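When you line the sequence shown up against my numbering, it's residues 746 to 1110, in that order.
Using N, Cα and C, we set each Cβ at its ideal position, and we do this for glycine too.
Quantities reported herein were computed from a predicted structural model and do not represent experimental measurements.
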Amino acid sequence: MNPFNPAFGRKPEHFVGRDHVISEFSAALEDPNSPWRTTILIGIRGSGKTAILSDIQKFDNQKKKITVNVTATDDMLNNILSEIYRKMPKSIKKSLPSISDISAFGIGVKFIESKDVPNFTNSFRFQLTKMLDFLKQQKIQIIFLIDEVQKHSEDMRNFVTTYQHIVRENYDVVLLMAGLPEAISSVLRDRVLTFLRRANRVTLENVSVKLVQLEYFESFNTANKKLSLKLSQDAAQATFGYPYLIQLLGYYLWQISGSRVTPKNFKEAVVRSKVELFRNVHELILDSLSPKDRDFIFAMSHDDVESNFSDIVERMGKKKNYISNYRKRCLEAGVIKATGYGKISYTLPYMKEFLEENCNPNQLR
Ligand SMILES: Nc1ncnc2c1ncn2[C@@H]1O[C@H](COP(=O)(O)OP(=O)(O)O)[C@@H](O)[C@H]1O
Ligand SMILES: [Mg+2]
């Protein structure tokens, strides 16, 4: 069985290099004073955000904990309420006031106390607190896991405001949310969401190549697929520690090879991985940029490892201030990173190669 699986949103069979995040967050569950109790994971596509959230789900139903895992896209508030309701112990459900408005699929829960319900009883905060009161009696903790945080979301405002209140009111709740760099920046700028600015922020960078090498070496050699030290190093290096690529390359190395991995297998696996990487990551990221941001990214592709901002200004032939704006936007989107004074480079491996293959030369002049 191939232990690697390059599917998004899937928990890897073996995590490489995220022990710190997972152990700190896990420890925070037992420590009411830990700053990790409200944590924001920030990372580009394929950096492993969803994988960490899925791992934390292991606490669901354990030692008086309930995890509530939702994405910030559709109907988040209702999904939170119905998820908690679904996971509550039966004994508590019985004591809750009668329920109305369970839609056809069982999504959407509303509690009513009497026939003439005042309007506020329909509010998210009221309904959440209602359930939390019962859970508190039984000392049950709620772990909120919110994936794919979006910009400008009314639901997010509502949720975070409520969360802030319930933290103050000493309910046992923790929050781990994840989003793309751009979305998180916009959420942190939101006037209503200032509470989140004090939250613990974790940027998911690439993991250590050395750890990837160990993972490859062990996974193959313990499964009777011989992988030399040299090839395990080359393969690890080729991933640059980018989580999605660790899975992709591992997957193809495994599929292509027989009882021993040859240098030819390695070369082929790299080619195949890049095809998928470009289609599933690079193209989507490029698509999400504005034409001007793209020009900026293209202008960087002249350089090998890193670019001097001043060279980009010259290549683009516009005023420095004007171009600074695009640098800022690309930094915020997580497509590029600052690597030193006035220096920048791509965040994703093989971006230069991708652009060279997909490049309109006119855009470079
Ligand atoms: N720490 C890690 N080590 C190895 N593989 C990982 C790690 N984190 C994520 N992956 C794998 O990388 C791929 C992308 O992860 P995912 O969590 O979907 O990224 P994101 O949600 O940030 O876009 C998945 O196949 C996942 O199993
Ligand atoms: Mg994800």
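Contact set for residue i: own chain, Cβ-Cβ below 8 Å, skip 5 residues either direction
i           : result
residue 973 : 1006
residue 969 : 1004
heavy atom of ligand 1 below 7 Å from residue i C-beta
i            : result
residue 997  : no
residue 748  : no
residue 962  : no
residue 989  : yes
residue 895  : no
residue 947  : no
residue 1156 : For the chain, the structure presents residues 746 to 1110; residue 1156 sits outside this window and is missing.
residue 751  : yes
residue 992  : yes
residue 1023 : no
residue 1036 : no
residue 762  : yes
residue 757  : yes
residue 912  : no
Own chain residues within Cβ distance below 7 Å of residue i, not counting five before or after
i            : result
residue 1096 : 1027
residue 801  : 770, 812, 888, 890, 921
residue 928  : 894, 895, 896
residue 977  : 958, 961, 962
residue 792  : 949, 988
Proximity test, residue i beta-carbon vs ligand 2 heavy atom, cut-off 7 Å
i            : result
residue 1092 : no
residue 794  : yes
residue 819  : no
residue 754  : yes
residue 892  : yes
Residue of the options minimising C-alpha distance to residue i
i            : options              : result
residue 919  : 805, 1034, 764       : 805
residue 945  : 881, 1051, 1038, 923 : 923
residue 870  : 904, 779, 1070, 913  : 904
residue 832  : 998, 876, 761, 1023  : 876
residue 932  : 749, 949, 902        : 902
residue 764  : 1056, 1085, 796, 789 : 796
residue 979  : 1015, 1079, 766      : 1015
residue 1061 : 1073, 810, 1043      : 1043
residue 917  : 948, 939, 879, 930   : 879
residue 954  : 786, 1094, 789       : 1094
residue 892  : 790, 936, 982        : 790
Cutoff 6 Å; reference residue i; Cβ partners in own chain excluding five residues on either side
i           : result
residue 984 : 957, 990, 991, 994
residue 821 : 815, 900
Next on the checklist: Quick check on the DSSP output: what are the complete alpha helix (DSSP H) runs of length 4 or more inside the region 1026-1074, in order along the chain?
Outcome noted: 1028-1032, 1036-1045, 1054-1061
Checklist entry - In chain order, which beta strand (DSSP E) runs of at least 3 residues are fully inside the region 862-896? => result 886-892
Item to check | Sequence ranges, beta strand (DSSP E) only - wholly within the region 799-840, length at least 3 | outcome: Segments of the beta strand (DSSP E) lying fully in the region 799-840: 810-816.
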